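Colleague: I am attaching a structure below and will ask some questions about it afterwards.
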Amino acid sequence: MKSPEQGREDVMAQADLAWLRTLYDRYGAGEVQAVFDHLSPDVEWVSNRGSPVFASFSGTFRGADGVRRYFDGLMQEWVIDRHEMLDMTVEGDDVRVQNLVGATYRKTGKRIETVTHHHLRVNNGRIERFEEQFDDAAVAMACDADCAEGSPGQVNQ
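Residue numbers for the sequence shown follow our numbering, so the first one is 3 and each next one is one higher.
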């Protein structure tokens with residue numbers, strides 16, 4: 003059970019992260035630039051590291067240029083029509099977010115909905131580290147065998 007002091011700290015942490023909720027809302031409305039406005043210069047961005055299923059946007063990306071390559075790969079293959087935050091939990095600078103994502107794979111026209119899990123480290127309104135996980139199998143159904151092309155788990159500088 004949390005003490006009253008810990009409860010106040012949690013409320014303060016939630017209030018301090020209003021910018022992050024707004025960022026997720028803006029991204030859900032298609033405003034990708036909102037993400038770049040809050041990146042730390044040396045951000046580390048990880049998406050399903052090592053997944054051979056999503057090679058064009060799977061791996062570790064560093065800095066704003068690396069994150070831009072991540073989004074370029076993602077948007078080249080997928081049309082995201084839904085990105086809704088389901089839950090956010092905060093412990094200090096450690097933030098976990100669950101989202102419901104709807105997307106269509108461009109090459110097959112197949113649409114899926116899946117839950118993504120984000121783990122972020124934030125500091126002074128900036129994202130220092132982002133890690134995303136999602137169910138490869140559920141998403142791979144939308145792209146048949148086509149998603150397996152490319153090199154898995156690349157590190158992008």
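Glycine included, each C-beta is placed from N, C-alpha and C at the ideal position.
Nothing here was measured: the structure is a model prediction, and the numbers come from that model.
In three-state terms, what does DSSP make of Y102?
Modeller: The amino acid at residue 102 is misidentified as Tyr; the sequence shows Leu. Strand, per DSSP.
Colleague: In this structure, does DSSP put V69 in helix, strand or coil?
Modeller: Looking at V69 - three-state DSSP - the assignment turns out to be helix.
Colleague: With a threshold of 16 other CB atoms inside 10 Å of the CB of E79, please say whether the residue is buried or exposed.
Modeller: Buried, since its Cβ has 16 or more Cβ neighbours within 10 Å.
Colleague: What does DSSP give as the partner residue(s) for F136 in the beta ladder?
Modeller: DSSP lists no partner for F136.
Colleague: Would the region 55 to 68 and the region 88 to 100 be scored as touching if the rule is three or more Cβ pairs under 8 Å?
Modeller: No, they do not touch.
Colleague: By Cβ distance, which residues of its chain are closer than 7 Å to L22, with the 5 residues on each side in sequence left out?
Modeller: V97, V124.
Colleague: Where do the ends of the beta strand (DSSP E) carrying R123 lie?
Modeller: Start and end: 113 to 125.
Colleague: Below 9 Å between beta carbons: does that hold for T110 and D83?
Modeller: In this structure, D83 does not lie closer than 9 Å to T110 by Cβ.
Colleague: Could you tell me the distance, in whole angstroms, from the CA atom of I129 to the CA atom of F38?
Modeller: Answer to the nearest angstrom: the Cα atoms are 9 Å apart.
Colleague: Whole angstroms is fine: what's the gap from T118's alpha carbon to M87's?
Modeller: Cα to Cα, the separation comes out at about 9 Å.
Colleague: Do F73 and V141 come within 9 Å of each other at the CB atom, strictly closer than that value?
Modeller: No. Outside cutoff.
Colleague: Short of 6 Å in beta carbon distance, which residues of its chain neighbour E133, apart from the five on each side in sequence? Order them along the chain.
Modeller: Closer than 6 Å at Cβ, skipping near neighbours: V48, H121.
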